[in-house]
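Protein chains in written order, with the numbering used here: chain A, 1 to 324; chain B, 325 to 632.
Cβ atoms here follow ideal geometry from the backbone N, Cα and C, with glycine treated the same way.
Read through the structure below, which is laid out as structure tokens, and then see the notes.
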Amino acid sequence: MAVWLVRRLAASIAIVFAVITLTFFIVHLARGSPCGPSQEQPFPPEVCDTLIKQFGLDQPLSVQYVRYLGQLARGNLGRSFALHRPVADALADALPHTFVLALAALVIDFSLGLALGIYQAVRERRFADIALGNIALFINSMPTFWLGLVLLLVFAQRLHWFPPGSPSNPVLCPRLDSAYCVLDFLWHLALPALTLGLVGAAATARYQRTAMLEVIRQDYVRTARAKGLGERRVLLVHALRNALLPFITLFGLTFPFLLTGAVLVESVFSWPGMGRLAVDAIGQRDYPVVTAAALVASAMVVLGNLLADVMYVGADPRIRVPGA
Amino acid sequence: MTFATWLALGGAVLVALLGVEESRRHAMKSVAGRRFLRHPTAAPALFVLAFFVILALAARLIAPYDPIEHLDPAHLANHAPSARFLLGTDPYSRDVWSRLVFGARISLGIGALAMLVAVTLGALVGSVAGYFRRWVDAALMRLVDVGLAMPRIFVFLMAVALWDRVALWVLVLLIGLTGWFGTSRLVRAEVLSLREREFVAAAGALGAGPTRIILRHVLPNVAAPIIVSAALGIGNVMLLEAGLSFLGMGVASPTPSWGNMIFDGWLKMEVAPWSATFPGLAISLVVMAFNAVGDALRDALDPRKEAR
Numbered sequence: 001m002a003v004w005l006v007r008r009l010a011a012s013i014a015i016v017f018a019v020i021t022l023t024f025f026i027v028h029l030a031r032g033s034p035c036g037p038s039q040e041q042p043f044p045p046e047v048c049d050t051l052i053k054q055f056g057l058d059q060p061l062s063v064q065y066v067r068y069l070g071q072l073a074r075g076n077l078g079r080s081f082a083l084h085r086p087v088a089d090a091l092a093d094a095l096p097h098t099f100v101l102a103l104a105a106l107v108i109d110f111s112l113g114l115a116l117g118i119y120q121a122v123r124e125r126r127f128a129d130i131a132l133g134n135i136a137l138f139i140n141s142m143p144t145f146w147l148g149l150v151l152l153l154v155f156a157q158r159l160h161w162f163p164p165g166s167p168s169n170p171v172l173c174p175r176l177d178s179a180y181c182v183l184d185f186l187w188h189l190a191l192p193a194l195t196l197g198l199v200g201a202a203a204t205a206r207y208q209r210t211a212m213l214e215v216i217r218q219d220y221v222r223t224a225r226a227k228g229l230g231e232r233r234v235l236l237v238h239a240l241r242n243a244l245l246p247f248i249t250l251f252g253l254t255f256p257f258l259l260t261g262a263v264l265v266e267s268v269f270s271w272p273g274m275g276r277l278a279v280d281a282i283g284q285r286d287y288p289v290v291t292a293a294a295l296v297a298s299a300m301v302v303l304g305n306l307l308a309d310v311m312y313v314g315a316d317p318r319i320r321v322p323g324a
Numbered sequence: 325m326t327f328a329t330w331l332a333l334g335g336a337v338l339v340a341l342l343g344v345e346e347s348r349r350h351a352m353k354s355v356a357g358r359r360f361l362r363h364p365t366a367a368p369a370l371f372v373l374a375f376f377v378i379l380a381l382a383a384r385l386i387a388p389y390d391p392i393e394h395l396d397p398a399h400l401a402n403h404a405p406s407a408r409f410l411l412g413t414d415p416y417s418r419d420v421w422s423r424l425v426f427g428a429r430i431s432l433g434i435g436a437l438a439m440l441v442a443v444t445l446g447a448l449v450g451s452v453a454g455y456f457r458r459w460v461d462a463a464l465m466r467l468v469d470v471g472l473a474m475p476r477i478f479v480f481l482m483a484v485a486l487w488d489r490v491a492l493w494v495l496v497l498l499i500g501l502t503g504w505f506g507t508s509r510l511v512r513a514e515v516l517s518l519r520e521r522e523f524v525a526a527a528g529a530l531g532a533g534p535t536r537i538i539l540r541h542v543l544p545n546v547a548a549p550i551i552v553s554a555a556l557g558i559g560n561v562m563l564l565e566a567g568l569s570f571l572g573m574g575v576a577s578p579t580p581s582w583g584n585m586i587f588d589g590w591l592k593m594e595v596a597p598w599s600a601t602f603p604g605l606a607i608s609l610v611v612m613a614f615n616a617v618g619d620a621l622r623d624a625l626d627p628r629k630e631a632r
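Structure (structure tokens):
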């Protein structure tokens, strides 16, 4: 187990390292300066020259690469061209917002998806199963940001149930320091989280239904029924335990989905997270910010997969770890 | 909407219905076809796809107006849906229905072409890795690991940050080049078991080289999972294109794509919800249809992996 874990960890680090190298070379071969071959130059030429000197962009690529790695190792992600501050600081401000949004979406996604999937499996091929299955497929096929726009239109602009965007009321609640402000924050969080969570829940329900149906057919479930256990106990205790295993894989798969969705949903709801930071940075050709966001996102995806693998091995005794 | 365009629209519906009926009759003759049609959503999904493909092909006949012409910015912006403007007009006084029809070309075209690139690459890489194993396999699969680790939308954000505006064919190529990782894993797994089978050994004994064995003997046997993953993948590509265009970095206005139509209508959502709502609905419908067809195809072609 320990050997496997170390190897798995090393592989993850290698992947992140490869992503770092790849992005570095793409960025520097394609452009390499804050004022590239673009027609719409953001700065006058003399400012460009100063910037190039200041960021060390006139050095050979190999020197830049080694220095870049050294800086990364110290947690320095470079300096934003447009925000005039270190990229790491800007990301540190944005990341908590993305995390809170992703976490809330994950809770909605998994709880709703789980409940729906189990219900559908129990009602297999009845009307409720087919109707819910098609609704889930439809929601799962929607562009996330479009669902966000529709929810925004209906619940914020027409019905005024929820605020139209931003994470909190900037006048009354600049910080989360009272019960009122926490509630206000959750109120602002509801629509973006619901948008991401609903689309995710639709996919989760499909997986969970399949997993549940597979388990329900197994002998030990029949045994549980045969010894007189109630249907609720058979389903929710005996069957569900094994039907939860694919859930762990899903957890790993959900990370890229949440991050991608967050980019779009944050733009719709003006949520100041990492995705919005990256999208805003593009307008200013501020590629250090975009690159750093891509790196952080990749690292999170790798971490999510690692977590899912470890959880899987921990949860399923049938899985033998190679080399253990 | 003139009489001719109504007629053309009716014709499109009719042709789509006839096409579905004809393929239904054809499919009922085979076991796989019957398994495909057993899905309650398979035939309606085929109809939706056929309808939008016909829209895309016959866009010139069906669209009543020029999709990029500003009809009358002073009086006809944000016009509500009516008999004259079937789905209303957008904030730039362009006919939403005409843009939707022409947008089908771009959105479906990008989806199909990018998926073609992705599936071809994925099948080739996967079969080469699975067939040659050893270091070839190890090297290619590590590449796939890296590719799967980068969320695609961030790759595109980077591309746009570096190259300003991405031309349409570059966009298609980029989507294709970042979309083959999953397929290659799938194909590799299948090829690993296929290559041990007798018919591969027989082909080798008859003097066939690796290229011939892979292309003529191994790949045809992996066709089913490849087709299924392509059907399910087109939907994802269309969603990605929509998202990118919505962020203003995919297809450039005034060329209509369903994604940038949502972007154009977004800011006037309160007064003219139709200009952003209908393209989104079209994307959802088509993606759902691709997903339904993909599900049904999986059950029809690959009964071992039946999703129930």
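| Item | Value |
| --- | --- |
| Using CA atoms only, rank isn't needed, just tell me which of Ser508/B, Leu510/B, Ile538/B, Gly506/B is closest to Arg521/B. | Ile538/B |
| Would you kindly work out how many angstroms separate the C-alpha atoms of Gly230/A and His238/A, rounded to a whole number? | 11 Å |
| Taking the C-alpha atoms as reference points, what is the distance between Ala82/A and Val290/A? | 12 Å |
| Does any C-beta atom of chain A lie closer than 8 Å to the C-beta of Met573/B? | yes |
| If we require 4 or more residues per run, which alpha helix (DSSP H) segments fall completely within the region 237-292 of chain A? | 240-243, 245-268, 274-283 |
| Pro37/A to Met573/B, Cα distance in whole Å? | Because Pro37/A sits at a pLDDT of 48, beneath the cut-off of 50, its placement in the model cannot be relied upon, and the point is left open. |
| For Leu361/B, return the contacting residues in chain A, with the cut-off set at a CB-CB distance below 8 Å. | What Leu361/B touches in chain A: nothing, since even the nearest Cβ is about 16 Å away. |
| If the cut is a Cβ gap below 8 Å, which residues of chain B does Gly157/A touch? | Before going further, note that residue 157/A is Gln rather than Gly in the sequence given. Result: Met593, Glu594. |
| Does any CB atom of chain A fall closer than 8 Å to the CB of Met439/B? | no |
| Using a Cβ-Cβ distance cut-off of 8 Å, determine whether Arg476/B contacts chain A. | yes |
| With a threshold of 8 Å between beta carbons, is Thr291/A in contact with chain B? | yes |
| Measure the beta-carbon distance from Arg375/B to Ala438/B and round it to whole angstroms, keeping in mind my assumption that it falls under 8 Å. | Note on residue identity: the sequence assigns Phe, not Arg, to residue 375/B. No, Phe375/B and Ala438/B are not in contact; Cβ-Cβ is about 22 Å, not under 8 Å. |
| If you measure from the beta carbon of Ser141/A to each beta carbon in chain B, is any gap under 8 Å? | yes |
| Is Asp633/B close to chain A, meaning its C-beta is less than 8 Å from at least one C-beta of that chain? | Coverage of chain B is limited to positions 325 through 632, which leaves residue 633/B absent and any answer about it impossible. |
| List, in order along the chain, the chain A residues whose C-beta lies closer than 7 Å to that of Ala566/B? | Pro143 |
| What does Phe138/A touch in chain B if you count any residue whose Cβ is under 7 Å from its own? | Ser608, Met612 |
| Grab me the residues of Arg209/A's own chain with a C-beta within less than 6 Å of its C-beta, minus the 5 sequence neighbours each way, in chain order. | Gly117, Gln120, Ala121 |
| Compute the Euclidean distance between the alpha carbons of Pro391/B and Phe327/B, then round it to the nearest angstrom. | 18 Å |
| Rank Pro397/B, Leu333/B, Lys353/B, Ile434/B by C-alpha distance to the C-alpha of Ile386/B and give the top, closest one. | Leu333/B |
| How is Arg79/A classed by DSSP in three states: helix, strand or coil? | strand |
| Tell me, please, whether the CB atom of Phe334/B is closer than 8 Å to any CB atom in chain A? | Residue identity check: residue 334/B is Gly in the sequence provided, not Phe. Not an interface residue. |
| Evaluate His188/A with the Cβ neighbour count: other Cβ atoms within 10 Å of its Cβ, from every protein chain shown; 16 or more gives buried, anything less gives exposed. | buried |
| Along the alpha helix (DSSP H) that carries Gly165/A, what are the first and last residues, could you check? | Looking at the DSSP string, Gly165/A is not in any alpha helix (DSSP H), and its letter there is neither H nor E. |
| Output yes if chain B places a C-beta closer than 8 Å to the C-beta of Thr23/A; else output no. | yes |
| Indicate the three-state DSSP secondary structure (helix, strand or coil) for Pro549/B in the structure shown. | helix |
| Could you round the C-beta distance between Val468/B and Arg509/B to whole angstroms and report it? I think they count as a contact, below 8 Å. | 6 Å |
| For chain B, find out if any of its Cβ atoms is closer than 8 Å to the Cβ of Asn325/A; answer yes or no. | Only positions 1 to 324 of chain A appear in this structure, which leaves residue 325/A out of reach. |
| With which residues is Asp419/B paired in a DSSP beta bridge? | Thr413/B |
| Using only CA atoms, which one of Leu338/B, Ser354/B, Gly433/B lies nearest to Leu381/B? | Gly433/B |
| Between Leu77/A and Val66/A, is the Cβ-Cβ spacing less than 8 Å? | no |
| Which partner residues of Pro86/A appear in the DSSP bridge assignment? | Arg79/A |
| Taking Cβ positions, are Asp286/A and Ser80/A nearer each other than 8 Å? | yes |
| Taking a Cβ distance cut-off of 9 Å, strictly less, list which residues of the region 449-478 of chain B are near chain A, in chain order. | Arg466, Leu467, Asp469, Val470, Leu472, Ala473, Met474, Pro475, Arg476, Ile477, Phe478 |
| Starting from the Cα of Arg241/A, find the closest Cα among Ala2/A, Tyr312/A, Thr260/A, Val296/A and give me that residue. | Tyr312/A |
| Look at the alpha carbon of Gly604/B and the alpha carbon of Arg232/A, and state the distance between them as a whole number of angstroms. | 40 Å |
| Put Ala401/B into one of helix, strand or coil per three-state DSSP. | coil |
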